[in-house]
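>
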Amino acid sequence: MLHLSENLKRYRILKNLTQEDVAEYLRVTPQSVSKWERGVSHS
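Residue numbering for the sequence shown follows this note's numbering, beginning at 4 and increasing consecutively.
The following block contains the structure:
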């Protein structure tokens, strides 16, 4: 079973998106996306 962090990073890479692209779409900071992908923060 994959965790949110693994799913997010896998999907982002599959779609050739940067962390900045994801952050802009979700209206969060790139640092938040980075933390989510590393499993540091889920909020």
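For each residue, glycine too, the CB sits at the ideal point set by N, CA and C.
Since the model is a prediction, treat every value here as computed from it, not as a measurement.
Output the residue ranges of the alpha helix (DSSP H) runs that lie fully inside the region 6 to 31 and measure 4 residues or longer, sorted by chain position.
Counting only runs of 4 or more, we get 7 to 17 and 22 to 29.
> Taking buried to mean at least 16 other C-beta atoms within 10 Å of its own C-beta, is Lys18 buried or exposed?
When all chains shown are included, Lys18 counts as exposed.
> From Ser37 to Leu5, what distance separates their C-alpha atoms?
When rounded, the distance between both Cα atoms is 17 Å.
> Hey, could you find the ends of the alpha helix (DSSP H) Val36 is sitting in?
Here the alpha helix (DSSP H) through Val36 covers Pro33 to Arg41.
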